[in-house]
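Chains as they are written, first to last, in the numbering used here: chain P, 2 to 629; chain U, 632 to 899.
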């Protein structure tokens, strides 16, 4: 049973709860944890008999290192990436991309400004003028298929020497190697509900003493039923938190320990993408990388990465600073792939899988305390993503490596995992590394987008070309404040709204209805590449949720939902797991949730306690796509 | 009577993935099979859960899981399965896939079973799947039984009840949604399971930790075994065709929906 002095984050029913002791408990298996466990595992394999690696909880045995991952498989990743792979190659100097499925060296990079061939996007006056100039001079400027290719790609965006990868496949490749040694156990399909806190005996403040796994055999409200299994407590002298941008453990630590002064996670984006099997006659070579902007909305950036064997990841990022409260992703993505510049390559392709994920784009503005007594933060949730370079995987991996090196230092010197010791080893490594230098350059690179799309581009270019010395300053509102409030509803808006509501009554998804009401043409489904969102949930990256777990999307105050006009959470829900509920409170269907987290930062309602009205808890299931 | 239960359970690509048969240099295969996550063959998984349930009710009984597949994939699958029920793993490292020859596969598995040190063959209940999510030839389990000299074989099993005198009653599926009831005088016997009656067990981290004491060593010493095709040739390999025509319809009477489905099926 848990020790009486434990303080857990949320009260749970009194129940018999088993406890095990480990040396290191890890939460989440992604690139950051891959870097951490790879480095730790290798050091142990060099000399397994080294007493440094002897467990303190099981004397005579090696360190007890246990990692829990929410997804049903370590290959169930949700991101196709292009990465400079600097840190990854540091760990694998002889890395051969051919050994990792869907990986290829970057062979070419292009940056494209996409004009709107339909005329449905919301473009500012300055952008409309620029578009007209481009169209008028298209022969001179080389505008083809409604796209203008920038004559040069800024250095800060380059991924030369890097890799195009599937994170699912990369995780699988890394995880298999780690587990083969037997030192580390990586348990998939096991969400962690919360950290275990305890008061420090000899100093003020709390420490993290381990983690609690999620209860199973409960109904959607968490009430124990048949086959109830109380989530086990895993006590460890070090808890490594790599559970992403809104993981339950990282979020609970942020609430408990607070954030460094001035730090807050305010900037987000939803990345959604298709994995497409390109037509047999494709001319796109593996390693091709396109970055796009300008369409389907100016604020929505897009990408196309070509993997080996005629597979391509094609997707968009819908940022929080796209203030439109009716923003969405799936329908936009369908319009995006039909842009003439992309469609000529994608037409007759086949959708193999689909995925979505929220990205923490706050960078160092959202960096939490990197370490405290008994815990350390790595990866995206630790503010590692660099939004100037558009890079997160390599940074995440490197922070994991840095923590492992620090842990090895502390083990060798028989020092405990206190805040001071982790700061002197892990944080100092990180601060003196390229991750930190690049993050500093990027810190204000995107703030200009809060002034508008064009100022945002200018600010990004300035920051990129001056190494962050010059950028456009702007206040970054909280995520919910970035949603534009309707001050006055015009007749036109009312009409659109009416059309949308009628469409929803007729069984159409809210986002679809809204997009059509705003003048976007209907999607003509072909059953292969252009399919309904519900069908996409069943293709390739199918969604599943094991029974016996509670709902993990919680509406804290139903009254706020009822009074909410925008329901942006529904429009932005990647899997249509949220839909319009009868009484104004969204319905949540756990079986469709891909755990993208978009609902949290797209909730415009704040409770009396200052919390977003949607809470995302630890949950099981999600996408089963290995190609993502 | 304390049976010694050996469950033969292969791994198959997660059926939720996009599966595409291709013809490779070594015969039929699935496109990118090695990059697809795998799961325990669902029918054999039922056998494992039923076996674990039986062992839990019968003191002195034991449960082994014999699994053949690429070691890395076996390792990955075991991290999920090992959380569900307690077993001792016997791993056979082989690059085989669902198109491997059933006789060769059965021979390799029979050898692995024969080599289990503490196995009392007179108490053997050989469990496996009645069907398979890989290719479903449906003969591997019976062949293993033959190779081990076990002549009492039951297929499509949904239930087994052990009796005090060592005999047991078996329910086998027969046509018409009914079961054939058989009583077997005692072990050894082969039982090819249908779905059984048990739900998939919850993931239990403690069971997982306990299993890891045997799973990792078993994987590390898994014997590499070549599974050939023994000269057989495949003329073609296809997946069952599927077609999706999603339509949102409101206020349609159930009879009308049924009628439309009947017409749609009839037109295919």
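Beta carbons are placed, not taken as given, at the ideal position from N, Cα and C, and that holds for glycine.
Cross-chain neighbours of residue i in chain P, by beta carbon under 8 angstroms
i: residue 649 of chain U; result: 353, 354, 540, 541 and 628
i: residue 657 of chain U; result: In chain order: nothing, as chain P lies at least about 18 angstroms away.
Partners in chain P for residue i, counting only beta-carbon separations shorter than 7 angstroms
i: residue 836 of chain U; result: 188, 191, 214 and 233
i: residue 847 of chain U; result: 183
Extent of the continuous alpha helix (DSSP H) run through residue i
i: residue 708 of chain U; result: 702-712
i: residue 355 of chain P; result: Note, residue 355 of chain P: premise wrong, no alpha helix (DSSP H); beta strand (DSSP E) at 351-361.
i: residue 413 of chain P; result: 394-413
i: residue 333 of chain P; result: 331-338
i: residue 67 of chain P; result: Taken as a continuous stretch (DSSP letters only), residue 67 of chain P belongs to no alpha helix (DSSP H), being part of the beta strand (DSSP E) at 66-69.
i: residue 512 of chain P; result: 511-518
i: residue 823 of chain U; result: Here residue 823 of chain U belongs to no alpha helix (DSSP H); instead the beta strand (DSSP E) covers 820-824.
i: residue 602 of chain P; result: 599-602
i: residue 465 of chain P; result: 454-466
Residue-level contact to chain P via CB, residue i, 8 angstroms cutoff
i: residue 828 of chain U; result: no
i: residue 887 of chain U; result: no
i: residue 773 of chain U; result: no
i: residue 833 of chain U; result: yes
i: residue 851 of chain U; result: yes
i: residue 904 of chain U; result: It is not possible to answer for residue 904 of chain U, since the shown part of chain U is limited to 632 through 899.
i: residue 703 of chain U; result: yes
i: residue 714 of chain U; result: yes
i: residue 641 of chain U; result: no
i: residue 786 of chain U; result: no
i: residue 843 of chain U; result: yes
Any chain U beta carbon closer than 8 angstroms to residue i
i: residue 9 of chain P; result: Here residue 9 of chain P scores only 45 on pLDDT, less than 50, and its place in the model is too uncertain to base an answer on.
i: residue 618 of chain P; result: no
i: residue 21 of chain P; result: yes
i: residue 2 of chain P; result: Low confidence applies to residue 2 of chain P: its pLDDT is 32, below 50, so where it sits in the model is not reliable, and the reading given next is rough at best. Answer no: the Cβ-Cβ gap between residue 2 of chain P and chain U never drops below 8 angstroms.
i: residue 177 of chain P; result: yes
i: residue 625 of chain P; result: yes
i: residue 170 of chain P; result: yes
i: residue 200 of chain P; result: no
i: residue 211 of chain P; result: no
Beta-carbon neighbours of residue i, restricted to chain U and to distances below 9 angstroms
i: residue 144 of chain P; result: Correct list: empty, because the minimum Cβ distance to chain U is about 37 angstroms.
i: residue 50 of chain P; result: Near residue 50 of chain P there are no residues of chain U at all, since even the closest Cβ is about 17 angstroms away, more than 9 angstroms.
i: residue 217 of chain P; result: 833, 834 and 835
i: residue 228 of chain P; result: 830, 832 and 833
Reference residue i; option with closest CA among the options
i: residue 359 of chain P; options: P:317, P:375 and P:368; result: P:317
i: residue 300 of chain P; options: P:218, P:458 and P:240; result: P:458
i: residue 794 of chain U; options: U:806, U:807 and U:818; result: U:818
i: residue 210 of chain P; options: P:187, P:239 and P:204; result: P:239
i: residue 33 of chain P; options: P:297, P:92, P:450 and P:513; result: P:92
i: residue 557 of chain P; options: P:533, P:616 and P:514; result: P:616
i: residue 264 of chain P; options: P:430, P:288, P:184 and P:382; result: P:382
i: residue 243 of chain P; options: P:233, P:138, P:254 and P:234; result: P:254
i: residue 284 of chain P; options: P:270, P:259, P:581 and P:313; result: P:313
i: residue 636 of chain P; options: P:271, P:274, P:268 and P:310; result: Past the edges of chain P, shown from 2 to 629, lies residue 636 of chain P, and the structure says nothing about it.
i: residue 644 of chain U; options: U:882, U:813 and U:708; result: U:708
i: residue 441 of chain P; options: P:467, P:421, P:418 and P:450; result: P:467
i: residue 431 of chain P; options: P:397, P:532 and P:17; result: P:397
Chain U contact residues for residue i, given Cβ-Cβ distances below 8 angstroms
i: residue 74 of chain P; result: 645, 668, 707 and 711
i: residue 606 of chain P; result: Going along chain U, no residue has its Cβ under 8 angstroms from residue 606 of chain P, so there is no contact; the nearest lies around 29 angstroms.
i: residue 514 of chain P; result: Neighbours of residue 514 of chain P on chain U: none; closest Cβ ~12 angstroms, over 8 angstroms.
i: residue 102 of chain P; result: 663, 665 and 666
i: residue 46 of chain P; result: Simply none; closest approach about 13 angstroms.
Beta strand (DSSP E) segment containing residue i, residue limits
i: residue 84 of chain P; result: 81-84
i: residue 166 of chain P; result: 164-167
i: residue 804 of chain U; result: 799-805
i: residue 315 of chain P; result: 312-320
i: residue 677 of chain U; result: Residue 677 of chain U -> not in any beta strand (DSSP E); alpha helix (DSSP H) instead, spanning 673-688.
i: residue 22 of chain P; result: 20-28
i: residue 210 of chain P; result: 207-214
Closer than 9 angstroms at the beta carbon, the chain P residues around residue i
i: residue 683 of chain U; result: Here the premise fails: no neighbours, minimum Cβ distance about 14 angstroms.
Per-residue contacts from residue i into chain U (C-beta, under 7 angstroms)
i: residue 549 of chain P; result: 833
Which runs of the beta strand (DSSP E), 3 residues or longer, sit entirely within the region 224-307 of chain P? 225-230, 234-242, 269-278 and 289-294
Mind pulling the alpha helix (DSSP H) runs of 4 or more residues that sit fully within the region 725-808 of chain U? Taking only runs of at least 4 residues, the alpha helix (DSSP H) segments lying wholly in the region 725-808 of chain U are 733-745 and 771-778.
Which runs of the beta strand (DSSP E) spanning at least 3 residues fall entirely within the region 528-593 of chain P, listed in chain order? 554-556
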